[in-house]
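Protein chains in written order, with the working numbering: chain A, 554 to 698; chain B, 554 to 698.
What follows is a set of notes on a single structure, which appears directly below.
Number of protein chains: 2
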Amino acid sequence: MDDHEMLLLSNQVCFPTYAVANKILRRYQPLLKELGLTYTQYVTMMVLWERERVKEKDLVEALYLKANTLTDLLKKLERKGYVAVRRSALDKRSVEIVLTEAGRELKERAVSVPKTLAEEHWLTDEEIVQFKELLNKLLKGDWGK
Amino acid sequence: MDDHEMLLLSNQVCFPTYAVANKILRRYQPLLKELGLTYTQYVTMMVLWERERVKEKDLVEALYLKANTLTDLLKKLERKGYVAVRRSALDKRSVEIVLTEAGRELKERAVSVPKTLAEEHWLTDEEIVQFKELLNKLLKGDWGK
DNA sequence: ACAATTTATATCGGATGCGATATAATTACG
DNA sequence: CGTAATTATATCGCATCCGATATAAATTGT
């Protein structure tokens with residue numbers, strides 16, 4: 554591949570990944586709006602629904618985000634009453650996030666989101682498996698710090 | 554799959570897509586900083602390097618973005634001197650974007666970006682083909698408007 | 001013990017990205 | 001022909017994201 558070709562949009566992997574991520578986000582937004590959640594708030598809640606209680610640090614790892622991105626987001630989730638945020642007693646640098654009763658209740662309503670979207674069959678079951686394997690390889694790779 | 558499983562982060566397609574897109578963005582940023590471009594400005598310039606001259610409307614389609622996202626971005630690229638933005642004479646609603654000489658020169662320096670990243674081999678050649686096919690199917694799908 | 005380093009968050013500023021809404025130009029149509 | 005509908009942008013406000021930098025607490029090394 555020569556220099557010219559290297560700069561063609563169609564030869565990039567980054568570009569369609571970025572475009573698909575944006576497109577997925579746009580599809581989720583109207584559904585999440587009914588729950589009063591943004592997309593990042595939604596995936597954050599997903600971790601809480603699985604674990605009930607996590608350190609901010611573990612959340613950062615689980616979501617592949619940076620701590621500063623989560624700081625504000627957690628405050629917003631706290632204002633909405635879905636989580637409690639408190640300094641850990643054991644390690645006063647650390648922050649613990651705990652699911653509240655309201656947060657637990659939200660889960661019941663949230664089920665409709667993956668249900669609705671699963672019915673749209675963007676990919677076949679086999680393609681989904683393939684796609685997730687590739688995405689995982691990219692996520693685990695150590696090229697992005 | 555029951556309701557509980559449906560809300561596991563590990564069963565989502567959206568989540569790793571979103572995480573990978575963010576990770577890719579983070580990897581590009583330091584390289585693009587040397588060119589004085591942000592990621593979206595970079596992909597916009599890619600279209601210009603291919604076509605020399607486009608309508609804003611066509612740019613919106615090519616980049617899978619919304620017009621309002623591009624309006625500000627184009628002004629910034631214009632301030633940097635890489636493009637000229639003008640109302641079309643034929644259709645005064647429409648805006649034409651034209652690559653400038655400085656924009657053309659930028660291309661020479663930009664080649665280093667895909668070159669550097671290609672050397673990092675995030676995926677094998679075969680996986681890249683597979684991945685792009687899946688991404689394309691998702692991009693072409695009519696579920697996201 | 002205690003100075004130096006590391007770790008976990010918080011703050012700030014810059015750049016998106018989008019929906020909702022507004023505006024101006026063009027097209028459709030009765 | 002003139003009004004209604006459509007199209008292409010522009011504005012505004014909100015919610016991310018991130019890098020750089022700051023701060024406080026814990027850990028390490030001597």
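We put the CB at the ideal spot given by N, CA and C, even for glycine.
Original post:
Can you give the Cα-Cα distance for LYS645/A and ALA663/A, rounded to whole angstroms?
Top reply: As a position in the first sequence, residue 645/A is number 92, starting the count at 1. As a position in the first sequence, residue 663/A is number 110, starting the count at 1. Here the C-alpha atom of LYS645/A lies approximately 33 Å from the C-alpha atom of ALA663/A.
**OP:** Confirm, please, whether the CB-CB distance from LEU692/A to MET576/B is below 9 Å.
**Re:** Taking the second sequence and counting its residues from 1, the one referred to as residue 576/B is at position 23. Taking the first sequence and counting its residues from 1, the one referred to as residue 692/A is at position 139. The amino acid occupying residue 576/B in the given sequence is Lys; Met does not appear at that position. Taking 9 Å as the Cβ cut-off, LYS576/B and LEU692/A qualify as a contacting pair.
Original post:
Whose Cβ in chain A lies nearer than 7 Å to the Cβ of TYR617/B?
Top reply: Numbered from its first residue, the second sequence carries residue 617/B at position 64. The answer, in chain order, is ALA572, ASN575 and LYS576.
Subject >> Continuous alpha helix (DSSP H) stretch holding ALA620/A: start and end >> reply: Position 67 of the first sequence holds residue 620/A. First-last of the alpha helix (DSSP H) with ALA620/A: 620 to 632.
**OP:** Ignoring anything shorter than 4 residues or poking outside the region 577 to 611 of chain B, list the alpha helix (DSSP H) runs there in chain order.
**Re:** Counting only runs of 4 or more residues that sit fully inside the region 577 to 611 of chain B, the alpha helix (DSSP H) segments are 592 to 604, in chain order.
Original post:
Contact between the region 639 to 656 of chain A and the region 683 to 691 of chain A: three or more CB pairs below 8 Å?
Top reply: No, the region 639 to 656 of chain A does not touch the region 683 to 691 of chain A.
Original post:
According to DSSP, what are the bridge partners of VAL648/A?
Top reply: Along the first sequence, read from residue 1 onward, the residue named residue 648/A stands at position 95. Bridge partners of VAL648/A according to DSSP: ARG640/A.
Original post:
In terms of residue numbering, what span does the alpha helix (DSSP H) encompassing ASN689/A cover?
Top reply: Within the first sequence, residue 689/A is the residue found at index 136, counting from 1. First-last of the alpha helix (DSSP H) with ASN689/A: 678 to 693.
Original post:
How about LEU612/B and THR591/B: do their beta carbons lie closer than 9 Å?
Top reply: Counting from one through the second sequence, the residue named residue 612/B turns up at place 59. Counting from one through the second sequence, the residue named residue 591/B turns up at place 38. Cβ atoms of LEU612/B and THR591/B: not closer than 9 Å.
Original post:
Can you check whether the CB of ASN564/B is closer than 9 Å to the CB of PRO667/A?
Top reply: Taking the first residue of the first sequence as 1, we reach residue 667/A at position 114. Taking the first residue of the second sequence as 1, we reach residue 564/B at position 11. Yes, Cβ-Cβ distance for PRO667/A and ASN564/B is below 9 Å.
**OP:** Ignore the nearest five residues each way along the sequence and tell me which others in ALA637/B's own chain have a CB closer than 7 Å to its CB.
**Re:** Translated into the one-based positions of the second sequence, residue 637/B becomes position 84. Taking ALA637/B as the centre and dropping the five residues before and after it, the same chain places the C-beta of GLU631, VAL651 and THR653 closer than 7 Å to its C-beta, in chain order.
Original post:
Using the C-alpha atoms, what's the distance from TRP602/B back to HIS557/A?
Top reply: Along the first sequence, read from residue 1 onward, the residue named residue 557/A stands at position 4. Along the second sequence, read from residue 1 onward, the residue named residue 602/B stands at position 49. Spanning the two alpha carbons is a distance of roughly 9 Å.
Original post:
Taking any Cβ of chain B, which residues in the region 653 to 675 of chain A have a Cβ under 7 Å from it, in chain order?
Top reply: Residues of the region 653 to 675 of chain A with a Cβ closer than 7 Å to any Cβ of chain B, in chain order: LYS660, ALA663, VAL664, PRO667, LYS668, GLU673 and TRP675.
Subject >> Assumed close pair SER647/B, LYS608/B - CB separation to whole angstroms, cut-off 8 Å >> reply: Translated into the one-based positions of the second sequence, residue 647/B becomes position 94. Translated into the one-based positions of the second sequence, residue 608/B becomes position 55. 6 Å between Cβ atoms; contact.
**OP:** Run down chain B in chain order and give the residues with a C-beta less than 7 Å from the C-beta of PRO569/A.
**Re:** Position 16 of the first sequence, counted from the first residue, corresponds to residue 569/A. Correct list: LYS685, LEU688, ASN689 and LEU692.
**OP:** Ignore the nearest five residues each way along the sequence and tell me which others in ARG639/A's own chain have a CB closer than 6 Å to its CB.
**Re:** Position 86 of the first sequence, counted from the start, is the residue given in the question as residue 639/A. For ARG639/A, the CB contacts under 6 Å within the same chain, skipping 5 residues up- and downstream, are GLU649 in chain order.
Subject >> Among ASP555/A, VAL566/A and LEU560/A, nearest to VAL682/B - alpha-carbon criterion >> reply: If you number the second sequence from 1, residue 682/B lands on position 129. That would be VAL566/A, whose Cα lies nearest to the Cα of VAL682/B.
Original post:
Looking only at C-alpha atoms, which of ARG604/B, LEU618/B and VAL573/B sits nearest to LEU676/B?
Top reply: Reading the second sequence from its first residue, position 123 is the one you call residue 676/B. Closest by alpha carbon: VAL573/B.
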